[in-house]
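According to my numbering, the sequence shown is numbered sequentially starting from 22. Report on the following structure.
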Amino acid sequence: MSQDASFSEGVDSALYLGAFTPEDVDVISTILQDGIFCISDLAWLKKKRQVAVLVNRFRWENKSEYIDKNSAPERVKSLLIIDNVLNISSQGIDRSDSSTPLNLLNLDLKKTKKNMFLTLLFSNFGAIRFELDAIELSIKDVTRPYKAHSENIPFHPIIDDS
């Protein structure tokens with residue numbers, strides 16, 4: 022008699038996900054929150070209309086392990102592929118300094134009548150915006166997980182505006 026697999030059995034597996042809808046992009050955004058990369062980790066293959074980013078992502082899928090079992094937080098190198106890229110622009114980022122770490126907070130997707138804009142928002146108020154003609158992203162873990170150098174779970178305080 023076979024038994025269904027549980028979600029917890031997949032925590033040590035490499036992630037490989039695709040995104041084709043705004044809701045899918047929200048999932049990728051959540052997974053990449055607190056990911057770190059440098060401009061030198063980003064490549065635009067203009068003729069293929071594709072951008073590849075090597076992101077050092079926090080393994081949020083194991084958060085309960087870090088808390089419940091007091092295990093060391095982990096990161097893993099993941100490859101983010103963004104297809105159908107027409108143009109790239111940035112704001113608040115010194116592109117000549119290719120080794121400064123950028124801390125990714127969110128992926129923001131906005132649609133217009135003609136195209137879409139996917140923006141990577143960073144903790145230093147910088148942003149990279151990709152003009153797309155269709156949503157097609159993927160993320161794939163490309164290394165084994167390793168202990169996070171900070172040994173801490175990223176923390177985001179809640180700001181009360183009232």
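By construction, the Cβ of each residue, glycine as well, lies at the ideal position given by its N, Cα and C atoms.
DSSP-derived helix/strand/coil call for residue i
i: V74; result: strand
i: T164; result: coil
i: E95; result: strand
i: E30; result: Caution is warranted here: a pLDDT of 44 is assigned to E30, below 50, making its placement in the model unreliable, and no coordinate value can be reported.
i: I103; result: strand
i: F176; result: coil
i: K132; result: strand
i: I57; result: strand
Within 9 Å, strictly: CB atoms of residue i and residue j
i: R150; j: L141; result: yes
i: L125; j: F58; result: yes
i: S50; j: N127; result: yes
i: L36; j: I52; result: yes
i: I114; j: F143; result: yes
i: Q71; j: I103; result: yes
i: A148; j: S111; result: yes
i: V106; j: R165; result: no
Rounded distance between the beta-carbons of residue j and residue i, thought under 8 Å
i: D156; j: V46; result: Reading off the sequence shown, one finds Ile at residue 156, where the question assumed Asp. Right, their Cβ atoms sit about 6 Å apart.
i: L100; j: A64; result: In fact, because the Cβ distance is near 10 Å, the residues do not count as touching under 8 Å.
i: P122; j: A169; result: At roughly 14 Å, the Cβ-Cβ gap does not stay under 8 Å, so P122 and A169 are not in contact.
i: L130; j: P43; result: 5 Å
Endpoints, the alpha helix (DSSP H) within which residue i is located
i: I49; result: 43-53
Residue i, enclosing beta strand (DSSP E) - first and last residue
i: E152; result: 148-153
i: W65; result: 63-66
i: L142; result: 137-143
i: G39; result: 37-40
Where residue i falls, given that 16 or more other Cβ within 10 Å makes a residue buried
i: R80; result: buried
i: Y167; result: exposed
i: G56; result: buried
i: N77; result: buried
i: V163; result: exposed
i: N108; result: exposed
i: D62; result: buried
i: N91; result: exposed
i: N145; result: exposed
i: N83; result: buried
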